[in-house]
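Colleague: Everything in the sequence shown is counted per my numbering, starting at 1 for the first residue and increasing by one.
Just so it is clear, CB atoms sit at the ideal spot from N, CA and C, and this is done for glycine as well.
I am attaching a structure below and will ask some questions about it afterwards.
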Amino acid sequence: AGGRCREACLELPMPDFSGSDVILDERAAERLHQAYAFLSNGYLWQPGAEPTRQLPRTLAIPFVQLSARVKRPPTLSYTNTQLVNWQRLDPSGDIAVENIKAVQMFQSLPDEEWFWVLHIVIEARGAPAVIAGTRLVQAAKINDIDQIEMQLEIIRSGLETIIELAGRMEEGCRPEVYYETLRPFLFAHPDGVVFDGVEAFGGKPQTFLGQTGAQSALIPAICTSLGLRHARSELTTYLEAVRAYMPEPHRQFVAGLEGQVVRDCVSSTVSQSSVRTLYNSCIEKVVEFRRLHLGLAANYIASRMDNPRGTGGTDFMRWLKHMTRETTEQML
């Protein structure tokens, strides 16, 4: 920001992160990848200048090398902006909006920090529901009704917390500020980016998805553990594609969940109406979250443009409505 991003980036040193003798632990690699991701999108979309698709070698080469280390594409992702983008103010305190600050920002506006921080807290507070999802699957495999009920209760409570927190978005992030000052940085270049000096790309533009909340494993993990499915479509193809932008352990975790066993177990437990009621209440909470998400997307984005497309390149309003409808139809 400030009109000097490109000038400053051209003057950066160019460290080599490719050698086997370069020792970087996971945290250091992620922090460096985050820095280059923010710098790269700041360079491509510098305010007050024409967008460019040409990433200079001072950014391109280290960024691609670091991307190989973290096993994700060389582009800004939800991992960069949310999952690793936080620090406690009080090291002994909770992960709460009052005790978290963002490590990296584009414009350093309070609205931007609130947008990142609120998502970070949602991820942390939603984690018990993800853990419960794995236990739910295991309980369903052995038809342990007491455990199934216990884990469904935790999932429902976790979804309620996620909904409550997501509903606080406007408390600290004004829709017009998000749309005008933050959102422009989150796109990938529609015509692809040329990574100067990266021999593996041969000077050809590389096309990636933009940063999007769909790159979070939180809701997919919960829905998968409940056995919720969506009919094959352009949407499901996209949702499978965004998994490559998740941290490798997250995408492996979601892929390994076997939620269908939960639906089968709940469906066959005719005498245990309380189990089915609990299961359906979890689905109702997923639907409630999707409707809230749809409302936020309309307020922050769709109402401000004629032909809304998401930062990930999707017709997100149509897709969100479709997912909400399909989720509702899966009540037992």
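1. So, under 8 Å CB-CB, Val-262 and Ala-132 are touching, yes? Tell me the CB distance rounded to an integer number of Å.
2. At the level of alpha carbons, what is the spacing between Ile-142 and Thr-134?
3. Report all residues from its chain with a CB closer than 6 Å to the CB of Leu-294; omit the five preceding and five following residues, and keep chain order.
4. So who's on the other strand from Lys-101, going by DSSP bridges?
5. Under 8 Å, with one C-beta from each stretch per pair, do the segment 95-106 and the segment 188-200 reach the 3-pair mark?
6. Candidates Gly-126, Met-323, Ser-216, Met-317: which alpha carbon is nearest Asn-80's?
7. Can you give the Cα-Cα distance for Val-97 and Glu-329, rounded to whole angstroms?
8. At which residue ranges does the segment 248-329 contain complete beta strand (DSSP E) runs of 3 or more residues, listed in the order of the chain?
9. Among all the DSSP beta bridges, which residues are the ones paired with Gln-55?
10. Excluding the five sequence neighbours on either side, which residues of its own chain have a C-beta within less than 7 Å of the C-beta of Cys-9, listed in chain order?
11. Is the separation between the beta-carbon of Val-266 and that of Leu-228 shorter than 8 Å?
12. Starting from the C-beta of Asp-144, find all residues in its chain whose C-beta is less than 6 Å away, skip the five residues before and the five after it, and write them out in chain order.
13. Smallest Cα separation from Ile-95: which of Pro-110, Glu-123, Thr-75, Asp-111?
14. Report the three-state DSSP secondary structure of Gln-34 (helix, strand or coil).
15. Excluding the five sequence neighbours on either side, which residues of its own chain have a C-beta within less than 7 Å of the C-beta of Arg-174, listed in chain order?
16. Under three-state DSSP, which class holds Gln-151?
17. Please name the residue or residues paired with Gln-206 in a DSSP beta bridge.
18. Which residues in the same chain as Thr-392 place their Cβ atom closer than 6 Å to its Cβ, once the five residues preceding and following it in sequence are excluded?
19. Distance check for Ile-154 and Pro-128, CA to CA, integer angstroms please.
20. State the Cα-Cα distance for the pair Phe-17 and Ala-28, rounded to the nearest angstrom.
21. Just to confirm my understanding: we take Pro-13, look at its own chain, exclude 5 residues before and 5 after, and list those with CB closer than 8 Å. What are they?
22. Give me the Cα-Cα distance between Pro-220 and Val-254, rounded to the nearest whole angstrom.
23. Would you kindly work out how many angstroms separate the C-alpha atoms of Gln-252 and Arg-325, rounded to a whole number?
24. Assuming Cys-223 is part of the alpha helix (DSSP H), what are its boundary residues?
25. So what does DSSP say about Ile-23, is it helix, strand or coil?
26. Please specify which runs of the alpha helix (DSSP H), each continuous and at least 4 residues long, are wholly inside the segment 121-167, giving them in chain order.
27. At what residues does the alpha helix (DSSP H) containing Glu-234 begin and finish?
28. By how many angstroms is the C-alpha of Gln-54 removed from the C-alpha of Glu-7?
29. Measuring straight from C-alpha to C-alpha, what distance separates Tyr-279 and Gln-46?
Modeller: Based on what the coordinates show:
1. Rounded, the Cβ-Cβ distance is 11 Å, inconsistent with contact.
2. Going by the C-alpha atoms only, they are around 13 Å apart.
3. In chain order, Leu-320 place their CB closer than 6 Å to the CB of Leu-294, counting only its own chain and leaving out the 5 sequence neighbours on each side.
4. DSSP lists Gln-87 as partners of Lys-101.
5. No: the two stretches stay apart, fewer than three of their Cβ pairs being nearer than 8 Å.
6. For the residues Gly-126, Met-323, Ser-216, Met-317, the minimum Cα distance to Asn-80 belongs to Ser-216.
7. Straight-line Cα distance between these residues: approximately 35 Å.
8. Runs of the beta strand (DSSP E) lying entirely within the segment 248-329, each at least 3 residues long, are absent.
9. Residue identity check: residue 55 is Leu in the sequence provided, not Gln. Partner(s): Phe-195.
10. Answer for Cys-9: Leu-39, Tyr-43, Pro-56, Thr-58, Leu-59, listed in chain order.
11. No. Outside cutoff.
12. There are no such residues.
13. Residue Glu-123 is the option with its Cα nearest to Ile-95.
14. The three-state reading of DSSP puts Gln-34 in helix, counting H, G and I together.
15. Excluding sequence neighbours, Arg-174 sits near Asp-111.
16. In the structure shown, Gln-151 adopts helical secondary structure according to DSSP, grouped into three states.
17. Its beta-bridge partners are Val-193.
18. One cannot answer for residue 392 here, as it falls past the ends of the chain, which runs 1 to 332.
19. When rounded, the separation of the alpha-carbon atoms in Pro-128 and Ile-154 is 7 Å.
20. Phe-17 and Ala-28 have their C-alpha atoms roughly 11 Å apart.
21. Thr-58.
22. Rounded to the nearest angstrom, the two C-alpha atoms are 7 Å apart.
23. Going from the Cα of Gln-252 to the Cα of Arg-325 covers about 27 Å.
24. Its alpha helix (DSSP H) spans residues 218-225.
25. In this structure, Ile-23 counts as coil in the three-state DSSP scheme.
26. You should have 145-166.
27. Element bounds for Glu-234: 234-241.
28. Approximately 14 Å, taken between the alpha carbons.
29. Note on geometry: alpha-carbon atoms of Tyr-279 and Gln-46 lie some 48 Å from one another.
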